[in-house]
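Numbers given in our numbering equal positions in the first sequence, counted from 1, plus 509.
Glycine included, C-beta positions come from ideal geometry on N, C-alpha and C.
Computed from a predicted structure; not experimentally measured.
Taking it in order: structure first as structure tokens, then the write-up.
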Amino acid sequence: MAGLSYRWDYAESADSANMAPCTMTSRPIKTRFAPSPTGLLHLGNIRTALFNFLLARQAQGLFLLRLEDTDAMRGHEKYARAMELDLRWLGLDWDEGPEIGGRHGPYAQSERGPLYKEYFSSLESRGLAYPCFCSEHELAISRKTALAAGRPPRYTGKCRALSAPDVQARFARGEPATLRFRVDEGKTIEFEDKVRGPQIFRTDDIGDYVIRRSDGTPAFFFCNAIDDAIMGVTLVVRGEDHLTNTPRQIMLLQALGLPLPEYAHIALVVGADGAPLSKRTGSKSVQELREGGFLPLAVSNYLARLGHTYDASAFMDLETLAENFNLSRLGRAPARYDESQLVYWQKEAIKHTSNEELWVWMNSKAILSSYVSSFVPKGKELLFVKVIRDNITTPEDAFIWAGNLFAESHKYDRDAKSAIDKAGSDFFKKALECFNNDTATFHSYVKMLEIVTNKKGKSLYMPLRAALSGEVNELISQSGRVYEWNHGPQLEAIWELLGVDLIKRRLSEAKTTTK
RNA sequence: GCUCCCAUCGUCUAGUGGCCUAGGACGCUGGCCUCUCACGCCGGUAACAGGGGUUCGAAUCCCCUUGGGAGCGCCA
């Protein structure tokens, strides 16, 4: 094995001449998303997944999913499934991973225990790793004193030079021990980060670190790096919180003679206040977004532009998003989550979705234990979508319109009521009389009404609109959002949607309420 | 505490020494369209964190300050 000093792909150092040639570039690109199922995915996590997916797609490579459930994680099954659902929902289908398998399985770290054994013993037998008997308590104290003395809270190397007989004896006594990776002193680790450029780390800043816990389970640094290598991952795109972890993983991989992936560390997503994403600052989980009625492509279009930029500002499908994705177009500063921009992409997504799909979408969720479809008469589904699609951003909005337009009877809101009262019952009496001709088009009807009532403009249309589209559903205003009578689609479109019978009924309803 | 990363309109960003009187998108806002809201179209608002250098010339390069983020764990 060459020295620990490592250079990426420059040939400018003597060290690099000793290195095994980097073969990654000849392999097809393989990216991965390796979440730890300790909770629901949030925007930041899923953005990392998206970028990895996009990069794989772009290069016609492979996107791999691996569950990092090294710990005995409570409820990880539940979260793992939730994650898979989130990824599928967004369309980030993985080519290898849980549920679908692949050549490098299993894809849950908890099931990979036996695979790590040989790597541990390889390291141990060559003296590159050593058992450490320090107790957690002992380490905590040492960390504290180091911190108090103004030194980094690094492992002191206490068990570094334990003699073999010593180690034997302590094992014989049954003392628990972790396995620590021995970090060479006085070396530097260099690599080229695909978004941050050349990186240089001194090994002196890195303490010997635990690669196997005293209970025998592998630690994150270890299995994460090993798995990437043996699963053939060529490009690791992950949050910048892992940037300073990277040299440790590079050292490990080099010590084991495993292939190194390329690394790209992306800036984290922060909340509107600039603080890390958290539920407290209003950051939503992917699940909440989905349940809130956001369309998957709205989320992708937003996320792909959060800390990343495209030349075109047009709405794109996943394919196009992938084609034009570019690591060098990634910002290096943390990006803030801004819901108004997500909402913008939601509106764009709606524009790019067919009536059929929107109908399914607006019925995908029960609102107040009811569905949009419970209001809209059979056969009028698509027409309904067509009429209201420009006026909605959520399934709730569609639900309100369905109620407004098709509910058994109207309860007018204040504006509607006043428009109706202002017109007077005589207006609606005449409106009903004019309506006798059921072959009338909206235009000819309005013409006639205009002559009969001697009204025009607002005083003619507003009462009609009020009578036909009524008011907001009272129950909806309880769900947190307050809906006002928000006018809505062209009257002509509403007219055609409602049909003769309903229009008649609405007009007489209006007439009765004026008294 | 130490090490590292980052810093352009309110937000996402373009910008890699002259093309910058700093461009685009979202938001906000004025107008047009119009029976209303939305859509659409046309306009407006608004930024190089601060201070020093380097240079004929700096948003762009260097240093310091400030502010934000991360790492230093038997967490991942």
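Quick check on residue i: does DSSP put it in helix, strand or coil?
i, result
"Gly766", "coil"
"Cys643", "coil"
"Arg757", "helix"
"Arg590", "helix"
"Lys539", "strand"
"Ala1019", "helix"
"Val896", "helix"
"Ser986", "Note that Ser986 has pLDDT 41, beneath the 50 cutoff, so the model's placement of it is unreliable and the number below is only indicative. Correct three-state label for Ser986: helix."
"Arg682", "coil"
"Pro530", "Annotation note: pLDDT 40 at Pro530 (below 50); position unreliable, no value reported."
"Trp1004", "helix"
"Ser672", "coil"
"Ala813", "coil"
"Ile650", "helix"
"Thr712", "helix"
"Phe944", "coil"
"His996", "coil"
"Val991", "The predicted model places Val991 with a pLDDT of 46, which falls under 50 and marks its position as unreliable, so this point remains unresolved."
"Pro843", "coil"
"Asp702", "strand"
"Arg621", "coil"
"Val795", "helix"
"Thr743", "coil"
"Ile609", "coil"
"Arg838", "helix"
"Val885", "coil"
Tell me, to the nearest whole angstrom, how far the beta carbon of residue i is from that of residue j; I am working on the premise that it is less than 8 Å.
i, j, result
"Glu694", "Asp713", "6 Å"
"Lys804", "Gln855", "Note that residue 804 is Leu in the sequence shown here, rather than Lys. The Cβ separation is near 6 Å, so the contact holds."
"Arg679", "Thr697", "Going by Cβ atoms, the distance from Arg679 to Thr697 rounds to 34 Å, so no, they are not a contact pair."
"Gly997", "Asn900", "5 Å"
"Lys874", "Glu800", "7 Å"
"Ala764", "Leu637", "5 Å"
"Ala686", "Ser651", "That pair is no contact at about 16 Å."
"Ser863", "Leu559", "Not quite, the Cβ-Cβ distance comes to about 24 Å (not below 8 Å), so this is no contact."
"Lys939", "Leu958", "7 Å"
Hey, residue i and residue j: beta-carbon distance below 8 Å or not?
i, j, result
"Arg566", "Val742", "no"
"Ala734", "Ala807", "no"
"Leu786", "Phe893", "no"
"Phe834", "His861", "no"
"Val881", "Ala844", "no"
"Cys668", "Tyr639", "yes"
"Leu573", "Met740", "yes"
"Phe729", "Thr579", "yes"
"Leu769", "Leu762", "yes"
"Ala617", "Leu576", "yes"
"Val852", "Thr818", "no"
"Pro972", "Ala928", "yes"
"Phe690", "Tyr718", "yes"
"Ile555", "Val795", "yes"
"Val704", "Leu839", "yes"
"Ile715", "Leu688", "no"
"Pro544", "Met592", "yes"
Compare the Cα-Cα distances from residue i to each of the options and report the closest residue.
i, options, result
"Ile775", "Gly802, Glu620, Leu549 and Leu744", "Leu744"
"Leu1011", "Leu977, Glu1001, Arg757 and Leu1000", "Leu977"
"Arg974", "Ser953, Asp922 and Asn963", "Asp922"
"Glu771", "Glu797, Ala738 and Asp750", "Ala738"
"Asn561", "Arg747, Tyr970, Leu867 and Pro904", "Arg747"
"Leu549", "Lys856, Glu797 and Ile1003", "Glu797"
"Thr547", "Glu959, Asp847 and His585", "His585"
"Leu624", "Gly912, Phe731 and Ala658", "Phe731"
"Ile909", "Phe884, Glu890 and Gly888", "Phe884"
"Gln569", "Leu552, Leu576, Lys539 and Leu594", "Lys539"
"Gln999", "Ser953, Phe937, Asp847 and Arg898", "Arg898"
"Lys931", "Ser968, Glu959 and Val896", "Ser968"
"Lys782", "Ala842, Gln758, Ala543 and Asp847", "A small fix is needed here, since residue 782 is Asp in this sequence, not Lys. The option with the nearest alpha carbon to Asp782 is Asp847."
"Ala773", "Glu959, Thr557, Ala658 and Ala821", "Thr557"
"Gly933", "Asp675, Lys956, Leu559 and Thr1021", "Thr1021"
"Gly553", "Pro886, Gly706 and Gly816", "Gly816"
"Asn754", "Ile709, Thr818, Pro537 and Gly725", "Ile709"
"Trp868", "Val778, Tyr718, Gln850 and Ala911", "Ala911"
"Asp675", "Pro544, Leu563, Glu749 and Cys641", "Cys641"
"Leu767", "Leu571, Ser849, Leu891 and Asp736", "Asp736"
Problem - the region 605-618 contacting the region 636-655, beta-carbon criterion three pairs below 8 Å - result: Taking 8 Å as the limit for Cβ pairs, the verdict is that the region 636-655 does not touch the region 605-618.
Problem - Three or more C-beta pairs below 8 Å linking the region 597-610 and the region 624-642 - result: Result no; under three Cβ-Cβ pairs closer than 8 Å.
Exercise for the section: Spell out a yes or no on whether the region 998-1018 and the region 908-918 are touching, meaning 3 or more CB-CB pairs, one atom from each, closer than 8 Å. Expected result: These segments touch.
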